[in-house]
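Engineer: Below you will find the structure I want to go over with you.
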Amino acid sequence: MITVEGLTHRFGDVAVLDNLSLHIGAGQFGGLVGPSGCGKSTLLKILAGLLVPDGGEARIDGSSVVGRPGRTAYMPQRDLLLAWRRTLGNATVGAEIAGVPRQEAQARARRLLGRFGLDGFEHAWPAELSGGMRQRLALLRTFLCGHDVLLLDEPFGALDAITRRDMHAWLQQVLADDPRTVLLVTHDVEEALLLADTVIVLSERPARIVKELPVEFEWPRRTGLVTSSGFIQAKATLLEALETGRS
Ligand SMILES: Nc1ncnc2c1ncn2[C@@H]1O[C@H](COP(=O)(O)OP(=O)(O)OP(=O)(O)O)[C@@H](O)[C@H]1O
Ligand SMILES: [Mg+2]
């Protein structure tokens, strides 16, 4: 479903990606971790079709997305809500760009407000929402694009630990009801282990894969899982791989 082959990219003298290849199967949830500045957001921008790499291929469902935006639902690292649009207007931006008539997009958004924890806030401005609500609204907008592949760049990065845990439970539920293929970037190895089917650990720049860890804990994964011995072991494996990728 998501295939990256021999991806290479540099910004000036800085080699960011050097012959990177990876694959996420249809309906799978891939977690991507790696040191700050290693090229995670660069990879997502290439998959979103917004940045053309120097070399290599990026495919969704077998078709190249290089230089072709609009094949995936991309949530950038900052939530980028439009300050001049209310909740409903922000939720429908992506769908409108994808050609869905505004009325229909709004009807779809209204049906999902409850599930995204935004009931009663459809007319609120972004500035009137909490951090968690803003992130859920940005995710709602991403879901409403209607694409099967979601590219999420640190969607919960700005949230406190408790809100984050709530969002992990919530996202599992949302995806159980409406399955998608996901590639999620995170700095938090626990988040990756709670959400992903496979965790990919990248090295420092230029990013290469240090480890691909299949995660086999049962769904739904509750917060208590983090204290189990299997979880602690998996976490140690990922932290060790991150360390290896630095040297
Ligand atoms: N538009 C750009 N122009 C020049 N350099 C860039 C540009 N975008 C990214 N870079 C550089 O490419 C490298 C990788 O950046 P990227 O944003 O992909 O890292 P990241 O892994 O997402 O980091 P973080 O975890 O901090 O978000 C960094 O050294 C960054 O400075
Ligand atoms: Mg980034």
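Oh and the sequence shown: position 229 is 232 in my numbering, straight run, nothing missing.
Built from N, CA and C at the ideal position, the CB exists for glycine as well.
1) So, with DSSP's three-state summary, where would you put M4?
2) What's the call for D57, buried or exposed, on a 16-neighbour Cβ count within 10 Å?
3) Kindly confirm or deny that the segment 144-162 and the segment 177-186 touch, where touching means at least three C-beta pairs closer than 8 Å.
4) Reducing DSSP to helix, strand and coil, say where T184 ends up.
5) On the DSSP bridge assignment, give the partners of G34 in chain order.
6) Less than 8 Å between the C-beta atoms of L241 and L205, yes or no?
7) Do K289 and ligand 1 come close, with the Cβ less than 7 Å from some heavy atom?
8) Based on Cα-Cα distance, which residue from E194, C41 and C148 lies nearest to M170?
9) Please state whether the Cβ-Cβ distance between P209 and D21 is less than 8 Å.
10) Please return the same chain residues whose Cβ sits closer than 6 Å to the Cβ of R88, not counting the five positions on each side in sequence.
11) From V192 to S66, what does the alpha carbon distance come to, in whole angstroms?
12) Between G28 and H126, what straight-line distance do the alpha-carbon atoms span, to the nearest angstrom?
13) Using only Cβ atoms and a threshold of 7 Å, which residues come within that distance of a heavy atom of ligand 2? Order them by chain position.
14) For the alpha helix (DSSP H) that V96 lies in, which residues bound it at each end?
15) G30 and P158 look like a contact to me (Cβ under 8 Å); what is the Cβ gap, rounded to whole Å?
16) What separation, rounded to the nearest whole angstrom, lies between the Cα atoms of A110 and G123?
17) For H26, which of helix, strand or coil comes out of DSSP?
18) Going by C-alpha to C-alpha distance, which of Q80, V185 and A130 sits closest to M4?
19) Around the C-beta of L143, are 16 or more other C-beta atoms found within 10 angstroms, so that it is buried, or is it exposed?
20) Would you mind giving the Cβ-Cβ distance between L50 and T75, rounded to the nearest angstrom? I have them listed as a contact below 8 Å.
21) Quick one: grab the DSSP three-state call for F234.
22) Alpha carbon to alpha carbon, how far is V17 from C41? Give it in angstroms, no decimals.
23) Which first and last residues belong to the beta strand (DSSP E) in which G1 is found?
24) Excluding the five sequence neighbours on either side, which residues of its own chain have a C-beta within less than 6 Å of the C-beta of F119, listed in chain order?
25) Indicate the three-state DSSP secondary structure (helix, strand or coil) for F14 in the structure shown.
Structural biologist: In brief:
1) coil
2) D57 comes out exposed.
3) yes
4) strand
5) Paired residue(s): L187 and V202.
6) no
7) Given that the chain is displayed from residue 4 to residue 250, the structure contains no residue 289 and the question cannot be resolved.
8) Cα-wise, what sits closest to M170 is E194.
9) yes
10) Leaving aside the five residues that flank R88 on each side, none in its chain has a CB nearer than 6 Å to its CB.
11) 31 Å
12) The alpha-carbon atoms of G28 and H126 are separated by roughly 38 Å.
13) Qualifying residues, in the order they occur: K43, S44, Q80, D156, E157 and V188.
14) Per DSSP, V96 is one residue of the alpha helix (DSSP H) stretching across V96 to I100.
15) G30 to P158, Cβ: 19 Å. No contact.
16) 15 Å
17) strand
18) Ranking Q80, V185 and A130 by Cα distance to M4 puts V185 first.
19) buried
20) Yes, L50 and T75 are in contact; Cβ-Cβ is about 6 Å, under 8 Å.
21) F234: helix per DSSP, three-state reduction.
22) 11 Å
23) One cannot answer for residue 1 here, as it falls past the ends of the chain, which runs 4 to 250.
24) R139 and L143
25) strand
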